[in-house]
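Participant:
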């Protein structure tokens, strides 16, 4: 009996454990499965609307004078007088006396030349009288035919005429050299550089100074190829008398720490492309840049660097898209009515560092009323859902999830306590 009990007791314990395990498996509590809705990315958007846009081409260049000249004397003499305005920065008018050279030697040359002329004319008169007398003597002797050239003293008269002409030419040269002792301004201008001073001996080829014209200045501006078709650039053709239209240009620069502007116009396009940039070079002209203005605008300086805004055509039915909303490859992101992302590649008509211009009605352009995503998204996927704020209004706020930035649905399993 005791032996049988010892055998059955372990079996009973094992059977009880097996039953208990089976009961727990069969009667285990059901899991409470809850799905957390995905958290949507919050983005800013704006509704695209057709508008008009004036094309502005941006460029830059350096101010250059219309004409720059180096003054050189044509005679040798000592500088005896200088105009007070013949200093760097000084202004002068056309034909104004800038320098005077010592004229004594050239005044003497004029006197000597006139004396030589008087002597040559006296010899000429004498030779002409002798020629007339020789002709009369020929007739008085009763000789037939015409007298020879030597009888009429033709060579002597010709030499005297040549001497008179030479003396007159010497006078003209002496008087011209005398005039050249006074150096006059070739045009209204400003002194860029002074190279001589009073008491200095100068010779032909000695640089007296450098001056430039002040009626207008020019700025060479490289024009972007993409925006050329929207600019009214003057093109010159041979024997073309068609009136040209000139694009307005606004120049900007910092002067004394303040932004300053000037207005001008594009007057011509150079015939050759710039070899370094392969761009067309337009030349802007600013008239009378050194005149005093009522608004206190300072004058342009030669060599000054300026930025230029060239006015172009006015485009209609276009979309103006901020540059910050444009990804690499001219790609933009649109937000569908279901708050899903849709990528699109556009073809800009023009643009700058702040915005691009896209024509409407083309296969590669959005439609009016489409929502443009303004928020940069590193890795946007087509069809990804977002929570947009369109022009300040939150769309479908009920779709917003926790602000933990999660992007995937999370399944949470909660175990009920065993009773």
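Numbering (the working numbering), first residue to last: 1265 to 1683.
C-beta atoms are modelled at their ideal positions from N, C-alpha and C, and glycine is treated no differently.
Fair warning: this is a prediction, and the values are worked out from it, not measured in the lab.
Is the segment 1428 to 1438 touching the segment 1312 to 1326, taking contact as three or more C-beta pairs under 8 Å?
Facilitator: They do not touch, by the three-pair rule.
Participant: For a test of the three-state rule: what should DSSP assign to residue 1528, helix, strand or coil?
Facilitator: Strand.
Participant: Just the Cα atoms here: how many angstroms apart are residue 1304 and residue 1321?
Facilitator: Computed Cα separation, rounded: 41 Å.
Participant: Report the option in 1442, 1531, 1571 and 1519 whose CA atom is closest to the CA atom of residue 1508.
Facilitator: Of 1442, 1531, 1571 and 1519, the residue nearest in Cα terms is 1531.
Participant: Between residue 1363 and residue 1350, which are expected to be in contact by the criterion C-beta below 8 Å, what is the C-beta distance as a whole number of angstroms?
Facilitator: 7 Å between Cβ atoms; contact.
Participant: So is residue 1391 buried or exposed if we call it buried at 16+ other beta carbons inside 10 Å?
Facilitator: Residue 1391 should be labelled buried.
Participant: Once you ignore the five residues that flank residue 1333 on each side, which residues in its own chain have a CB closer than 6 Å to its CB?
Facilitator: Answer for residue 1333: 1475, listed in chain order.
Participant: For the alpha helix (DSSP H) that residue 1372 lies in, which residues bound it at each end?
Facilitator: Unbroken alpha helix (DSSP H) run through residue 1372: 1368 to 1404.
Participant: Grab me the residues of residue 1425's own chain with a C-beta within less than 7 Å of its C-beta, minus the 5 sequence neighbours each way, in chain order.
Facilitator: Correct list, in chain order: 1388.
Participant: Near residue 1427, which residues of its chain fall below 8 Å by C-beta distance, leaving aside the five closest residues on each side in sequence?
Facilitator: Cβ neighbours of residue 1427 beyond the five flanking positions: 1384, 1387 and 1388.
Participant: From the DSSP output, which residues share a beta bridge with residue 1619?
Facilitator: DSSP output for residue 1619 lists 1586 as bridge partner(s).
Participant: Using only the alpha-carbon positions, how far apart do residue 1223 and residue 1608 sit?
Facilitator: In the structure displayed, the chain extends from 1265 to 1683; residue 1223 sits before or after that span and is not available.
Participant: Compute the Euclidean distance between the alpha carbons of residue 1547 and residue 1463, then round it to the nearest angstrom.
Facilitator: Approximately 42 Å, taken between the alpha carbons.
Participant: Report the residue from 1534, 1469, 1481 and 1336 whose alpha carbon sits nearest the alpha carbon of residue 1330.
Facilitator: Closest by alpha carbon: 1481.
Participant: Determine, using beta carbons only, whether residue 1614 and residue 1491 come nearer to each other than 7 Å.
Facilitator: In this structure, residue 1491 lies closer than 7 Å to residue 1614 by Cβ.
Participant: Have a look at 1537, 1510, 1519 and 1353 and flag the residue whose alpha-carbon is nearest the alpha-carbon of residue 1452.
Facilitator: That would be 1353, whose Cα lies nearest to the Cα of residue 1452.
Participant: Rounding to the nearest angstrom, what Cα-Cα distance links residue 1323 and residue 1445 in this structure?
Facilitator: Whole-angstrom Cα-Cα distance: 46 Å.
Participant: Quick test of your reading: residue 1611 and residue 1628, contact by CB under 8 Å. State the CB separation rounded to the nearest angstrom.
Facilitator: Sure, about 5 Å apart at Cβ, within 8 Å.
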